[in-house]
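Participant:
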Amino acid sequence: MSTYATRKATNWIMLGLCGLCAITATVALIAILSYTIAKGAPAINLQFLTSLPQPVGETGGGISNAILGTLLLVGLACVIGIPVGLLAGIYLSEFGGHRFGSVVRFTADVLFGVPSIVIGMFVYALVVIRMGSFSALSGGIALAFIMMPIIARTAEESLRLVPTTIREAGLALGIPLWRTILSIVLPGALTGVVTGIMLGMARVAGETAPLLFTAFGNRLGFQGLDNPVAALPLQIYRYAISPYSDWQSQAWGAALVLIALVLITSVVVRILTRKRR
Amino acid sequence: MIKSSPLPTGVTVPVRDEERKVSNGGVQEGLVSIGLNAWYGRLLAIRNINIHFEPKHVTAIIGPSGCGKSTLIRCFNRLHETVPGARVSGQVLLDGKDIYSPGTDPVQLRRRIGMVFQRPNPFPTMSIFDNVATGIKLNGGMKGSRLAEIVERSLRHAALWDEVKDKLRNTGTDLSGGQQQRLCIARALAVEPEVLLMDEPCSALDPIATMKIEDLIRSLRETYMIVIVTHNMQQAARVSDFTGFMLAAEDRAGELIEFGPTPQMFTNPKDKRTEDYITGRFG
Ligand SMILES: Nc1ncnc2c1ncn2[C@@H]1O[C@H](COP(=O)(O)OP(=O)(O)OP(=O)(O)O)[C@@H](O)[C@H]1O
Ligand SMILES: [Mg+2]
């Protein structure tokens, strides 16, 4: 039999443990951020953001190719991944009650769990070999595959939160089902859907592995969708493992830029979608 | 009051007005159900309902909770079948045409048969104005001042205009429960249906708003066909021309026990169970 005192003590210990874990998580985030800022900020200046990399051995140069490349790759991934993911999510929540629905849901969950490097290899076999070269397009496709299940499942979950009675109200007014879904149900789930899209974008913006065999990287600027293209994570990876201290500090700068890009996009999107309500 | 009808199946359908039967070239006007059954999965929720709603009349449906009143009226705008696993059998005729025939488009049908739900369900992301205007807008409707006129008229009809005229841009879900219900009534009126199905429209309203809605029902009676589900006997007695009493059988399937002109149902019911329910001697 536990006494009041021991129960109280247990309570305090457990509470303390939870607090400690919460602090650890926060401290980790703050440490990562401040370390990246401390190491990366000195590397950042206008030239760093706007010029191409210099040949090996020469100092200076920038990462404009990688910034543009990442924007392009994430943009391509969005163009392919958002419509497919969103429509799949709508299908799952509105019509996915049958066996086929559970198959699709299961497949999406498995795809979500597939290591991203495997997706890179798959797209390499599917697109790169056929096209005969590494390309921006194949990189975008690889990232889209990673994005799709995230968007589909979060869209499904947030659409499900919209009560059935709202759908019925639309249908009872003689509004066709597709219109009811697009104009009444979807706006009700917009916050959740946008969160899913942001999660997907943030996730793929930092992906390195699938780009190794697809976008490959490029020290020049944009050369067309059918040519290799640079990306921030790729550049970070190559610079960080290089022996040159100048490149290493540029890697920190690029990391800071990548974090900033992800943060800025999600803040801007949040503000835009909030105004719509 | 139940006589044999001129309908092909030979099922008996309640018919009251002698002249109405033949007023439309032999086609029975109004909304008629013949041998209507509805299921939720395995559960038979209503059994063999034969009922007749007439144009320009108000029909009240009364009965204890869970006897299938909502299910019944949801069969009349084909909303029942949108529930997963739900099924309907039997016939429902609107002006002589079977609304469950393969040629009927449920979307078109629902524009003719409006509905107010038991629980208020305004569109959460829309303003008060848009809640009322949406039915027209999304049906390819109109814009501008004509639309604003219809919104105002619908809100006035629903006895809500004075309370919301200064905040038409606020979201509908900011209103009180009773105001939300009146918003839903306005929303249904805006698309000008021929039939209005109302599922306990006044259960969340105070006596004044209830009175206004009852006035509205009486004025709509001039043009519309109205079916109102209610738990309030006085309300049924006040607003309706006909009353149907439903009761769940042993197996939980709802049945139409008695149907007739409201005064007769309340003063001289034929069935003992109707009398027990109306006089409050029933669970
Ligand atoms: N979506 C559903 N799925 C399964 N069963 C349902 C569903 N909706 C209603 N039922 C069942 O159908 C029967 C009739 O329900 P219905 O809602 O028509 O009753 P009601 O007469 O409108 O009751 P109330 O006066 O409480 O609104 C009940 O036994 C109920 O449990
Ligand atoms: Mg009900």
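If you read the protein sequences in the order shown, they are chains A and B. Its first residue numbered 2, the first sequence is counted upward by one per residue in the numbering used here. Its first residue numbered 2, the second sequence is counted upward by one per residue in the numbering used here. Quick reminder that beta carbons are idealized off the backbone N, C-alpha and C, glycines included. From a predicted model like this one, the values you see are computed outputs, not experimental measurements.
#1: Could you run through the region 160–179 of chain A and flag, in chain order, every residue whose CB is less than 9 Å away from some CB of chain B?
#2: Between M143 (chain B) and chain A, is any beta-carbon pair separated by less than 8 Å?
#3: Does ligand 2 have even one heavy atom less than 7 Å from the beta-carbon of V230 (chain B)?
#4: Quick check: what's the CA-CA separation for I265 (chain A) versus M149 (chain A)?
#5: For T322 (chain A), which residues of its own chain have a beta-carbon under 7 Å away from its beta-carbon, when the five flanking residues on both sides are left out?
#6: So if I threshold CB-CB distances at 8 Å, which residues from the region 182–194 of chain A count as touching chain B?
#7: CB of L44 (chain B) to nearest heavy atom of ligand 3: below 7 Å?
#8: Using 10 angstroms around the beta-carbon of I33 (chain A), count the other beta-carbons present and answer buried if the total reaches 16, otherwise exposed.
#9: Please report whether the beta-carbon of G90 (chain A) lies at a distance below 8 Å from any beta-carbon of chain B.
#10: Please identify, using Cβ separations under 9 Å, the residues of the region 104–115 of chain B that lie next to chain A, in order along the chain.
#11: Could one say the Cβ of G97 (chain B) lies closer than 8 Å to chain A's Cβ atoms, at least one of them?
#12: Exposed or buried, which one is T71 (chain A) when buried takes at least 16 other CB atoms within 10 Å?
#13: Can you give me the start and stop residues for the beta strand (DSSP E) that V165 (chain B) sits inside?
#14: Of the residues that make up the region 197–228 of chain A, which ones have a beta carbon closer than 7 Å to any beta carbon in chain B?
#15: Who pairs with A275 (chain B) in a beta bridge, going by DSSP?
#16: Tell whether a beta-carbon distance below 8 Å holds between I35 (chain B) and N51 (chain B).
#17: What distance in whole Å lies between the Cβ atoms of P121 (chain B) and C286 (chain B), which are believed to be in contact at a cut-off of 8 Å?
#18: What residues of chain B sit near G98 (chain A), judged by a beta carbon separation below 7 Å?
#19: Just mark K9 (chain A) as buried or exposed, buried being the case when its beta carbon has 16 or more other beta carbons within 10 Å.
#20: Contact defined as beta carbons within less than 8 Å: I believe M116 (chain B) pairs with L190 (chain B). What is the distance between those atoms, to the nearest angstrom?
#21: If you check the beta carbons only, do G82 (chain A) and A126 (chain A) fall under 8 Å apart?
#22: Is there a C-beta anywhere in chain A that falls below 8 Å from the one on F124 (chain B)?
#23: With respect to the alpha helix (DSSP H) encompassing Y36 (chain A), which residues constitute its N-terminal and C-terminal limits?
#24: By the three-class DSSP mapping on this structure, what secondary structure does L88 (chain A) have?
#25: Buried or exposed: where does D200 (chain B) fall if 16 or more other Cβ atoms within 10 Å of its Cβ makes it buried?
#26: When we look at the beta-carbon of Y225 (chain B) and count the other beta-carbons within 10 Å, is it buried (16 or more) or exposed?
#27: Quick check on P270 (chain B): does DSSP put it in helix, strand or coil?
#28: I'd like to know if the region 90–103 of chain B and the region 213–233 of chain B are in contact, where contact means that at least 3 CB-CB pairs between them fall below 8 Å.
#29: So the candidates are B:A249, B:P264 and B:I114; which of them puts its Cα closest to the Cα of C68 (chain B)?
#30: Along the region 39–58 of chain B, where does the CB come closer than 9 Å to a CB of chain A? Name the residues.
#31: Any chance the CB of Q286 (chain B) is under 7 Å from a heavy atom of ligand 2?
#32: Tell me the rounded alpha-carbon separation between G121 (chain A) and I130 (chain A).
#33: Quick check: what's the CA-CA separation for G104 (chain B) versus L69 (chain A)?
#34: Using a threshold of 8 Å, state whether the C-beta atoms of V194 (chain A) and A153 (chain A) are closer than that.
#35: Could you have a look at Y41 (chain B) and say whether DSSP puts it in helix, strand or coil?
#36: Shortest alpha-carbon distance to R113 (chain B) belongs to which of B:W40, B:V196, B:T174 and B:R157?
Facilitator: Reading off the structure:
#1: V163, P164, T165, T166, I167, R168, E169, A170, G171, L172, A173, L174, G175, I176, P177 and L178
#2: In the second sequence, counting from the first residue as 1, residue 143 (chain B) sits at position 142. No, M143 (chain B) lies away from the interface with chain A (no Cβ there is under 8 Å from its Cβ).
#3: In the second sequence, the residue the question calls residue 230 (chain B) occupies position 229. Yes.
#4: Indexing the first sequence from 1 puts residue 265 (chain A) at position 264. Indexing the first sequence from 1 puts residue 149 (chain A) at position 148. Their Cα atoms are separated by approximately 22 Å.
#5: The requested residue 322 (chain A) is not part of the displayed model; chain A covers only 2 to 278.
#6: S184, I185, P188, G189 and L191
#7: By its list of ligands, the structure shown excludes ligand 3, since it contains just ligand 1 and ligand 2.
#8: Translated into the one-based positions of the first sequence, residue 33 (chain A) becomes position 32. Label assigned to I33 (chain A): exposed.
#9: To locate residue 90 (chain A), count along the first sequence from 1; it is residue 89. With 8 Å as the cut-off, G90 (chain A) does not count as an interface residue toward chain B.
#10: P107, V108, Q109, L110, R111, R112, R113, I114 and G115
#11: As a position in the second sequence, residue 97 (chain B) is number 96, starting the count at 1. No, G97 (chain B) lies away from the interface with chain A (no Cβ there is under 8 Å from its Cβ).
#12: Within the first sequence, numbered from 1, the residue matching residue 71 (chain A) stands at position 70. By the 10 Å Cβ count, T71 (chain A) comes out buried.
#13: Position 164 of the second sequence, counting from 1, holds the residue named residue 165 (chain B). Taken as a continuous stretch (DSSP letters only), V165 (chain B) belongs to no beta strand (DSSP E), being part of the alpha helix (DSSP H) at W162 to V165.
#14: none
#15: Taking the first residue of the second sequence as position 1, residue 275 (chain B) is located at position 274. The question names Ala, yet the displayed sequence has Thr at residue 275 (chain B). The partner list for T275 (chain B) (beta bridge, DSSP) is empty, contrary to what the question assumes.
#16: Walking along the second sequence from the start, residue 35 (chain B) turns up at place 34. Walking along the second sequence from the start, residue 51 (chain B) turns up at place 50. Yes.
#17: Because chain B is modelled from 2 through 284, residue 286 (chain B) falls outside the range shown and cannot be assessed.
#18: The count along the first sequence starts at 1 and reaches residue 98 (chain A) at position 97. The contacting residues are P85.
#19: By one-based count along the first sequence, residue 9 (chain A) stands at place 8. It is exposed - the Cβ of K9 (chain A) has fewer than 16 other Cβ atoms within 10 Å.
#20: Within the second sequence, the letter at position 115 stands for residue 116 (chain B). Within the second sequence, the letter at position 189 stands for residue 190 (chain B). Actually they are not in contact, since the Cβ atoms of M116 (chain B) and L190 (chain B) sit about 11 Å apart, beyond 8 Å.
#21: Taking the first sequence and counting its residues from 1, the one referred to as residue 82 (chain A) is at position 81. Taking the first sequence and counting its residues from 1, the one referred to as residue 126 (chain A) is at position 125. The answer is no: Cβ separation not under 8 Å.
#22: Indexing the second sequence from 1 puts residue 124 (chain B) at position 123. Yes - at least one Cβ of chain A is within 8 Å of the one on F124 (chain B).
#23: Within the first sequence, numbered from 1, the residue matching residue 36 (chain A) stands at position 35. Start and end: Y5 to G41.
#24: Looking up residue 88 (chain A) in the first sequence gives position 87. Here L88 (chain A) sits in helix by DSSP.
#25: Within the second sequence, residue 200 (chain B) is the residue found at index 199, counting from 1. Classification for D200 (chain B): buried.
#26: Taking the second sequence and counting its residues from 1, the one referred to as residue 225 (chain B) is at position 224. It is buried - the Cβ of Y225 (chain B) has at least 16 other Cβ atoms within 10 Å.
#27: Counting from one through the second sequence, the residue named residue 270 (chain B) turns up at place 269. The answer is coil: DSSP assigns P270 (chain B) none of H, G, I, E or B.
#28: no
#29: Taking the first residue of the second sequence as position 1, residue 68 (chain B) is located at position 67. Looking at the Cα atoms, B:A249 is the closest of the given residues.
#30: none
#31: Within the shown structure, residues of chain B are numbered from 2 to 284, placing residue 286 (chain B) beyond reach of any answer.
#32: Numbered from its first residue, the first sequence carries residue 121 (chain A) at position 120. Numbered from its first residue, the first sequence carries residue 130 (chain A) at position 129. Distance between the alpha carbons of G121 (chain A) and I130 (chain A) is about 12 Å.
#33: For this step, residue 104 (chain B) is matched to residue 103 along the second sequence. For this step, residue 69 (chain A) is matched to residue 68 along the first sequence. Between G104 (chain B) and L69 (chain A), the C-alpha separation is close to 56 Å.
#34: The residue labelled residue 194 (chain A) in the question sits at position 193 within the first sequence. The residue labelled residue 153 (chain A) in the question sits at position 152 within the first sequence. Cβ distance not < 8 Å, so V194 (chain A) and A153 (chain A) don't count as in contact.
#35: Counting from one through the second sequence, the residue named residue 41 (chain B) turns up at place 40. Looking at Y41 (chain B) - three-state DSSP - the assignment turns out to be strand.
#36: Looking up residue 113 (chain B) in the second sequence gives position 112. When only C-alpha atoms are compared, the closest one is B:V196.
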